[in-house]
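Notes for the one structure printed next.
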Amino acid sequence: MCEDLGFERLLGEEGFFARLLGRSPSGGGREPLYGPDLPVVLLTGGPGMGKGRLLRAVRDRFATKVPVIYVDCGSPVYADRAAPEPGARSAATEALTEAARRLGTWQGTGGSFAFPRLFAGLAMIATGVTEATPDAVAAEVERYGELPQKQRLPGLGTGDFWRGALRGAIRNLLTTLSGQTLDPYSASVANALLDGLFASLAPRGRTELARIYGAYPGAAGQPEHGLRDLAADFQAGGEERELAESFLFRALREDLEAAYTGALGWLRRVGRPAVLLDRAESPLGEQLLRAVLSDRRGGQRDRVVIVGTARRADGGTFLYGGLPSGEVPSPAEFRPTDGVPLSWSRRTDSAAERAPLADGVLLLRMPLLTGDQLRLETERRQRRAEPEGGTNRRRIDAAVAGLSGGRPHTVIRLAAAAAAFRMPADANDRDILDAPLRLPGSGDSERAVADVLLQELILEQLPVRLPPEHHDQWLDLLTHLSVAHDTECADILLRHHQSARVHRLTAHHVAQLLTDTGWPICERHFIGDFGLRQLLVHRLYGLRPDGAAWYADHHLLRDHYTGRAAEEGAASGGAFRSVMAHRMNHHLVSGGVDDVVRHLAATLPGRPQEWCAELLEIAQAPYPGGADTRHERAQGLVAVDGPALRRTVDQLLHAVWLCEERTRPTGRETARTLAKLLDLLSIMEFDGAGQLGRTATDWSALAENEQPLLRCACTEQLGRRR
66 MCEDLGFERL LGEEGFFARL LGRSPSGGGR EPLYGPDLPV VLLTGGPGMG
116 KGRLLRAVRD RFATKVPVIY VDCGSPVYAD RAAPEPGARS AATEALTEAA
166 RRLGTWQGTG GSFAFPRLFA GLAMIATGVT EATPDAVAAE VERYGELPQK
216 QRLPGLGTGD FWRGALRGAI RNLLTTLSGQ TLDPYSASVA NALLDGLFAS
266 LAPRGRTELA RIYGAYPGAA GQPEHGLRDL AADFQAGGEE RELAESFLFR
316 ALREDLEAAY TGALGWLRRV GRPAVLLDRA ESPLGEQLLR AVLSDRRGGQ
366 RDRVVIVGTA RRADGGTFLY GGLPSGEVPS PAEFRPTDGV PLSWSRRTDS
416 AAERAPLADG VLLLRMPLLT GDQLRLETER RQRRAEPEGG TNRRRIDAAV
466 AGLSGGRPHT VIRLAAAAAA FRMPADANDR DILDAPLRLP GSGDSERAVA
516 DVLLQELILE QLPVRLPPEH HDQWLDLLTH LSVAHDTECA DILLRHHQSA
566 RVHRLTAHHV AQLLTDTGWP ICERHFIGDF GLRQLLVHRL YGLRPDGAAW
616 YADHHLLRDH YTGRAAEEGA ASGGAFRSVM AHRMNHHLVS GGVDDVVRHL
666 AATLPGRPQE WCAELLEIAQ APYPGGADTR HERAQGLVAV DGPALRRTVD
716 QLLHAVWLCE ERTRPTGRET ARTLAKLLDL LSIMEFDGAG QLGRTATDWS
766 ALAENEQPLL RCACTEQLGR RR
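First residue of the sequence shown? That's 66 in this note's numbering, and the numbers climb one at a time after it.
As structure tokens, this is what we get:
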């Protein structure tokens with residue numbers, strides 16, 4: 066099933082999550098990983114890597130065996146619930162309350178949980194309701210009525226020393242304040258609640274409440290002061306409110322820990338409880354992660370497993386205390402292929418309390434699908450209506466592998482769209498992006514799979530720090546940037562396409578936002594993920610009829626580098642060896658093939674090695690839409706005027722372009738063509754011709770094995786196409 070695709074080793078009976086939670090999916094006990102000092106586990110990977118899918122699979126596999134709560138930190142529902150009473154609620158308090166309520170109805174081994182510690186803090190915050198009457202405050206407190214209580218289980222106690230906390234608090238509040246009109250910040254409201262809370266508790270309950278809220282910053286061991294300060298900080302907003310909310314998260318974890326260490330907890334409960342924080346790169350998610358990491362760095366210990374998501378490969382900038390991630394020790398990390406990580410520890414030296422939050426993190430690198438997994442997924446969905454031999458299926462496998470790079474979500478969508486799709490004999494991989502896809506629950510409506518992927522990977526996963534004024538143009542900007550190689554040509558495009566706007570993004574800003582979103586970087590391509598770039602190139606060509614937007618962007622860059630070349634000669638061209646090579650790359654893909662051939666033929670004599678490197682840079686470019694004549698031209702089947710050197714260079718350019726674009730199969734035929742053309746050049750009468758024989762051997766070996774001739778970060782991951 067696609068829910069588990071790529072996660073089998075993580076979710077199995079002996080997998081990482083069974084060991085982390087101390088319980089297998091079938092209910093068997095497992096020796097828990099780590100000791101009382103638990104790391105916060107962050108699933109790292111960009112859009113489409115399956116972080117949320119894995120969290121939901123963990124919930125579904127384990128939630129009947131151990132208490133597992135899933136919280137979508139990016140959902141607007143928590144802020145919406147808080148909006149009616151902004152002085153008494155927030156997105157954070159609503160998320161914590163929902164988690165507690167779900168755990169309060171858990172029916173697994175040991176029964177449901179009670180949250181009296183969390184309730185006490187929430188009750189104090191309730192004094193900030195808008196309508197300052199006793200009834201309004203009491204009604205707000207009663208929203209949390211079920212939290213300090215738990216369901217009675219036959220033959221077992223019910224946590225008697227908390228019994229009556231809610232009833233006493235509300236009764237005392239109404240009795241004391243009856244008939245008064247109040248300022249919700251007044252001391253009488255807080256005093257009435259405090260009296261009700263403490264008066265109705267058994268001694269053990271009062272002691273426990275004193276322990277936790279006496280530890281609130283500035284309380285000096287006095288729980289009444291701690292609760293008052295918590296309410297005041299919440300009302301103050303800003304960093305003070307965040308401090309109060311973070312402390313409430315500690316109270317929730319303390320309630321969970323108490324359920325395992327109480328009178329009979331060690332006998333009744335098994336495994337470890339878990340809170341799964343999806344979309345934890347959001348402000349709410351980052352706040353909750355920061356809270357638990359800060360607590361554990363300061364020595365607070367509990368057995369609650371915290372698993373969050375992180376788009377950035379380093380886990381997030383907040384983990385490093387303002388320092389670049391490369392200047393502090395990297396967090397511990399592992400990949401599923403490494404097996405289960407058996408050890409983890411934080412710093413224990415004198416500087417441990419000042420260590421960055423990254424010290425308390427374990428990064429789990431989300432896995433790309435292997436070739437076997439990818440083939441199984443595409444094969445599982447294929448509709449068997451083709452002749453024996455499976456040529457179409459193998460071609461689709463190659464297209465899905467190339468366009469997805471093994472990114473699980475992209476594989477799932479492309480495989481589904483390709484179920485009844487037949488690749489034309491001379492198809493570009495991008496042709497599959499036009500295949501129709503019907504999403505579950507959409508009835509009979511279909512959309513091109515490219516549009517679905519752009520919606521899901523870009524529009525639904527905007528960078529967290531992208532200013533709102535740029536939300537409407539983010540996809541369009543990325544679409545135009547698909548033809549950029551480095552920050553210089555990216556800035557040229559951005560200035561042109563934002564010319565009518567007051568607020569503009571620079572290439573530096575966009576590069577940061579892409580990194581924050583989890584997209585990889587490449588030294589030769591501004592959009593550093595091969596599959597994403599192909600999606601955007603496909604969209605760019607279709608923005609206007611006959612690829613007009615495509616040609617306009619390339620012409621813009623060609624003209625810019627024409628001017629640069631005239632000014633600076635052979636100076637460095639950023640991602641290219643020279644400005645001229647950069648210019649020729651854009652000229653090649655915007656209608657200037659013959660000019661590029663003339664340039665290459667004129668610059669070959671006397672510099673064969675430098676020329677070969679320049680040829681690879683020029684030819685590493687996408688091919689525009691429409692009929693593709695490169696194969697015929699590489700074979701010499703298209704008539705080209707000029708001397709033998711120029712005709713041979715023309716053929717070689719098109720053969721190399723086929724190899725370098727990485728969206729069509731090349732294989733043995735193209736390898737033989739490369740070798741033949743380079744061998745022809747090697748026996749011609751010009752300086753250095755003989756040096757091309759070695760290049761013929763090297764390039765043909767790479768082409769035969771479907772390897773790129775010029776490697777870079779984004780093509781390195783593709784490897785073989787078959």
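All C-beta atoms in this analysis are idealised placements derived from N, C-alpha and C, irrespective of residue type, glycine included.
Because the structure is a prediction, the values reported are computed rather than measured.
May I have the straight-line CA-CA distance separating residue i from residue j, to the nearest angstrom?
i    : j    : result
R672 : G753 : 7 angstroms
T456 : T402 : 31 angstroms
T240 : E418 : 46 angstroms
Y606 : G701 : 28 angstroms
Q352 : G373 : 12 angstroms
T475 : N493 : 18 angstroms
A204 : P151 : 15 angstroms
R269 : L317 : 18 angstroms
P432 : R400 : 7 angstroms
P421 : G386 : 6 angstroms
D298 : R306 : 5 angstroms
L168 : S347 : 23 angstroms
R459 : R166 : 50 angstroms
A515 : Q599 : 10 angstroms
V517 : E96  : 43 angstroms
S547 : G707 : 34 angstroms
D715 : V567 : 46 angstroms
H290 : P101 : 30 angstroms
L75  : G508 : 34 angstroms
Going by alpha carbons, who is nearest to residue i out of the options?
i    : options                   : result
G94  : V335, T443 and Y143       : V335
D551 : H562, H535, P505 and A576 : A576
P473 : L434, A148, C554 and C724 : L434
A709 : R126, Y385, L745 and F591 : L745
A81  : Y281, L119, G286 and P406 : Rather than Ala, the amino acid found at residue 81 in this sequence is Phe. Looking at the Cα atoms, P406 is the closest of the given residues.
H696 : A275, V426, G381 and E726 : E726
L292 : G303, R276 and R412       : R276
I748 : N256, P670 and V465       : P670
S765 : F751, T738 and E750       : T738
Q683 : T109, R623 and E769       : Looking at the sequence shown, residue 683 is not Gln but Ile. It is R623 whose Cα lies nearest to the Cα of I683.
Q772 : Q756, R733 and L742       : R733
E322 : E273, Q287 and A284       : E273
G283 : T544, L308 and H561       : L308
Q526 : G77, R88, P97 and M114    : M114
L718 : A692, A686, R445 and T192 : A686
R503 : A481, E521 and R495       : A481
D618 : L332, P689, C587 and H573 : P689
P338 : A164, L358, G303 and A646 : A164
F178 : A185, P132, A613 and T571 : P132
L601 : A267, G110 and L498       : L498
D294 : R271, L259, F263 and A761 : L259
Specify the secondary structure class of residue i as computed by DSSP and reduced to three states.
i    : result
D537 : helix
I277 : helix
T109 : strand
A778 : helix
Y606 : helix
Y99  : coil
D343 : strand
V123 : helix
V644 : helix
P394 : coil
T475 : helix
P288 : helix
V194 : coil
R589 : coil
G411 : One point to set straight first is that residue 411 is Arg, not Gly, in the sequence displayed. Three-state DSSP puts R411 in coil, outside helix and strand.
I371 : strand
G94  : strand
F178 : coil
So, under 8 angstroms CB-CB, residue i and residue j are touching, yes? Tell me the CB distance rounded to an integer number of Å.
i    : j    : result
C779 : P585 : 7 angstroms
D343 : V136 : 7 angstroms
### Message
What ranges does the alpha helix (DSSP H) occupy inside the stretch 138–176, keeping only unbroken runs of at least 4 residues that lie completely in it?
### Response
142–147 and 156–168
### Message
For a minimum of 3 consecutive residues, which ranges assigned as the beta strand (DSSP E) are wholly contained in the stretch 688–769?
### Response
none
### Segments assigned beta strand (DSSP E), at least 3 residues, entirely inside the stretch 461–518
none
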